[in-house]
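Taking it in order: structure first as structure tokens, then the write-up.
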Amino acid sequence: MKNILKIVVCIKQVPLVSELPWDSQTGTLQRNLSEGMINPACKHALEAALRLKQKHGGHIVVLTMGPPMAKEVLYEAQAMGADSGILLTDKAMAGADTFITSYTLAKAIIKKCPDFDLVLCGCSTSDSETAHVGPQLAEELKVPGVANAHDLKLSGKTLRVKRLSDNFLETLEMDLPGLVTITTQEFLPRYVPMQGIQKAFDEANIISLNAYELGLDAEKIGTKGSPTRILNVYPPTAKKTNIILRGSPEKIVEELFYRFDDKIGGAIGKDLKTDE
Amino acid sequence: MNFNPCMKHKLVRKTVRNFAEAELGPLAYEVDKEARFPVEVIQKMRLLNFFGIQVPPKYGGSGMDSISYAIIIEELSRVCAAIGLCVSVHNSVCIYPVLRFGTLDQQKRFIPKLASGENIGAFCLTEANAGSDAGGVETNAVQDGNHYVVNGTKIFVTNGGVCDLALIFAVTDFKKQKNNASVFIVEKQTPGFSIGEIEDLCGMRANPVSSLFLEDCRLHKDFMLGKPGDGLKIGLAALDAGRIGIAAQALGIAQAAFEASIRYSKERYQFNKPISSFQTIQNYLADMATEIDAARLLAYRACAVKDMGHPFGMEAAMAKLYCSSVASRVTGLAVRIHGGYGYSKEYDVERYFRDAKVTEIYEGTSEVQRMVISRAVLTKRT
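Line by line, the protein sequences give chains A and B. According to this note's numbering, the first sequence is numbered sequentially starting from 1. According to this note's numbering, the second sequence is numbered sequentially starting from 1001.
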């Protein structure tokens, strides 16, 4: 295990998008009613890890935090080719915000995979879309982090990472150990082969850890330990106003640019005031 | 007794559903219309081990249980029944008898290529004058030293047009009236073996169902499966396993028709209301849901009995009989819910309706299933 590439992939079980039941009274997702799946971006991160392993060899540990049923996604990850799985599950961990989630994941990584080379996460999750956990986890682990990557190239202990930042394609390099979050732009996840599923269940290599086993104080994790709270969730209300411009075509166009030059400029990628 | 699917079965269903919807979904209409076997998807299915579902890993298979197998067939058939049929026949009536009755040498020789899907298998019992009457087989195999010379014509062979290997039933003992048939493993390249024209059928049109001709095919006795005269025994055992596959296939078709009906009944407005708000449609949907659930439980019970190593002939026959009749009824109701559109090729339920019909016919007609079941219940001590 000493010289091989050790990758930790953090994955989250999210409700199956097509079955996402929404409680309009409470404004929350009815997670208990829906089937779970691996969060799409996390699956792309796992695919990125599998491709690195295919090319360079290595060992992939998948890590998730959630209720006991979240074990499903660890089996699926193993069916795809991950080597082992860790489930962090404890009622005390429930309701953690992104800060405490990162803290808890970091504790597990430090305890169970202290000699990791690379941590990969999905850039964000389909059920909350904060994109906080990956970057916060890099902070907790005190390693360099790059968010929203779509291409990885490993050379020795240096990782070259490509990402789209606004409209710029950035190429960055980091020394490992490090953390990268992966978008759904590339790394299309492979289909799970049938023998992979059977093998995952026959040779399951999954451990479950609770707060006590991780050495965590139940008061400092989950809802109790979280410094942020969701007060309300509601669908955004968009106000639409129809504006009718009248007059000659020249006047209408002039008026249009006067009112909306920033929006038109944004759409065509040009500052209309400076013409640059 | 636990009626909840375990994590493995849930994962199998989700995985196959994703694959089938993404890869077969966009083609299902076209391959039916053009009666085309989609080799490009079959190639992907080979890599995912759909052709060695229950084959032990030592031969390159997945070594899965029968419920997983049924779920796979169900989910493939939910999207494209003709491909569910290909996988079902290959895994059950072709591979299963070779695994159960084949010698170690036969298994080592034939199973790995079948499990990888490099070779596609077929099962050939039906002839012009033999089908439900398995004893009516006229294809014959005359012994000549260490060889048999096989002559005959097999008809309505599922996978026939693309098969690389076929199990052929032929009479080997011309003096006996009973137990006179044997089974031979015949490879496509055997001189004298040829494939007839693809049948123009009502449903399952993407599966190349054809006749197979055997003209003086010389087969070494090592190509005989089991012992001389074991034909009927092997055939019936193969069909027991095959019936689970057809039950699962019928379930998949019924499920697809049911889901389409739910969607359509919410979208279709008549008298300013969605038709799902009318009690008649609600009754149809309630009957469909109930019958599909009952059918599924029967099918999975047959799988569970098989996996326990118990005789499962009666359970498989019950599952096949009920699931296929449910598929016919449910697809019929689906057409009615869709009205004129259900009779049009524009909507998938028209295909489901055609595909469902044959599940009551092949691998033992419903009448034969009733024969199997009644024999079992009449000989049971009560």
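Each residue gets a CB set at the ideal place from its N, CA and C atoms; glycine is no exception.
query, result
"Whole alpha helix (DSSP H) elements within the region 1305 to 1375 of chain B, 4-residue minimum", "1313 to 1338, 1348 to 1357"
"CB contact below 8 Å: Pro15 (chain A) versus chain B", "no"
"Same chain, Cβ closer than 6 Å to Ala1254 (chain B), five either side skipped, listed in chain order", "Ile1292, Val1326, Ala1327, Val1330"
"Per-residue DSSP class, three states only, for Glu1199 (chain B)", "coil"
"Proximal residues of chain B, C-beta to C-beta of Glu76 (chain A) below 7 Å", "Leu1011"
"Cutoff 8 Å; reference Arg1036 (chain B); Cβ partners in own chain excluding five residues on either side", "Glu1030, Ala1206"
"Integer Cβ distance of Ser1374 (chain B) from Ile1244 (chain B), believed to fall under 8 Å", "Actually they do not touch by this definition, with Cβ atoms about 20 Å apart."
"Three-state secondary structure assigned by DSSP to Val1093 (chain B)", "helix"
"Contact under 8 Å by Cβ, Pro1384 (chain B) with Asn1159 (chain B)", "It is not possible to answer for residue 1384 (chain B), since the shown part of chain B is limited to 1001 through 1382."
"CB contact check: Gln195 (chain A) to chain B, cutoff 8 Å", "yes"
"Whole-angstrom distance between Asp1216 (chain B) and Pro1191 (chain B), CA atom to CA atom", "8 Å"
"Residue interval of the alpha helix (DSSP H) (run including Val61 (chain A))", "Counting along the chain, Val61 (chain A) falls outside any alpha helix (DSSP H), though it belongs to the beta strand (DSSP E) covering 59 to 65."
"Cβ of Phe287 (chain A) within 8 Å of any chain B Cβ", "Given that chain A is displayed from residue 1 to residue 276, the structure contains no residue 287 (chain A) and the question cannot be resolved."
"Beta-carbon proximity list for Phe1019 (chain B), same chain, < 6 Å, skipping 5 on both sides", "none"
"Given 8 Å, three or more beta-carbon pairs between the region 150 to 160 of chain A and the region 124 to 136 of chain A", "no"
"Member of B:Val1137, B:Lys1266, B:Asn1119, B:Cys1323 whose CA lies at the smallest distance from the CA of Thr1290 (chain B)", "B:Cys1323"
"8 Å Cβ cutoff, Leu1236 (chain B) in contact with chain A", "no"
"Residues of the region 56 to 75 of chain A with Cβ closer than 9 Å to any Cβ of chain B, in chain order", "Met69, Lys71, Glu72, Tyr75"
"Asn1180 (chain B) - DSSP class collapsed to helix/strand/coil", "coil"
"Per-residue contacts from Leu1099 (chain B) into chain A (C-beta, under 9 Å)", "Those within 9 Å of Leu1099 (chain B) in chain A number zero; the least Cβ separation is about 16 Å."
"Within chain B, the residues that Gln198 (chain A) reaches when beta carbons sit closer than 7 Å", "Ser1062, Gly1063, Met1064"
"Positions along the region 1028 to 1057 of chain B whose CB lies within less than 9 Å of some CB in chain A", "Lys1044, Leu1047, Leu1048, Asn1049, Phe1050, Gly1052, Ile1053, Pro1057"
"Interface partners of Asn1019 (chain B) on chain A, CB under 7 Å", "Correcting the residue type first, residue 1019 (chain B) is Phe in the shown sequence and not Asn. Ordered by position in chain A, the residues that pass the 7 Å Cβ test against Phe1019 (chain B) are Tyr191."
"First and last residue of the uninterrupted alpha helix (DSSP H) at Glu1075 (chain B)", "1066 to 1079"
"Alpha-carbon to alpha-carbon, Leu1076 (chain B) and Leu1064 (chain B)", "Note that residue 1064 (chain B) corresponds to Met in the displayed sequence, not to Leu. Cα to Cα, the separation comes out at about 16 Å."
"Nearest neighbour of Leu154 (chain A), chosen from A:Leu169, A:Pro177, A:Ala211 [CA to CA]", "A:Pro177"
"Those runs of the alpha helix (DSSP H) which lie wholly inside the region 1030 to 1069 of chain B and span at least 4 residues", "1039 to 1047"
"At least three beta-carbon pairs within less than 8 Å, the region 1107 to 1116 of chain B to the region 1046 to 1053 of chain B", "yes"
"Close-in-space but distant-in-sequence residues of the same chain around Leu164 (chain A) (CB under 6 Å, 5 per side omitted)", "none"
"The region 181 to 188 of chain A touching the region 52 to 65 of chain A, judged by at least three CB pairs closer than 8 Å", "no"
"Own chain residues within Cβ distance below 6 Å of Asn205 (chain A), not counting five before or after", "Ser84"
"is_contact[Ile1280 (chain B), chain A] using C-beta, thresh 8 Å", "The question names Ile, but residue 1280 (chain B) in the sequence shown is Thr. No - not a single Cβ of chain A is within 8 Å of the one on Thr1280 (chain B)."
"Three-pair Cβ contact test at 8 Å for the region 75 to 94 of chain A versus the region 191 to 210 of chain A", "yes"
"Distance, Phe260 (chain A) Cα to Gly247 (chain A) Cα", "17 Å"
"8 Å Cβ shell around Leu214 (chain A) - same chain, five flanking residues per side excluded", "Leu88, Thr104, Lys107, Ala108, Lys111"
"Asn148 (chain A) - containing beta strand (DSSP E), residue span", "145 to 155"
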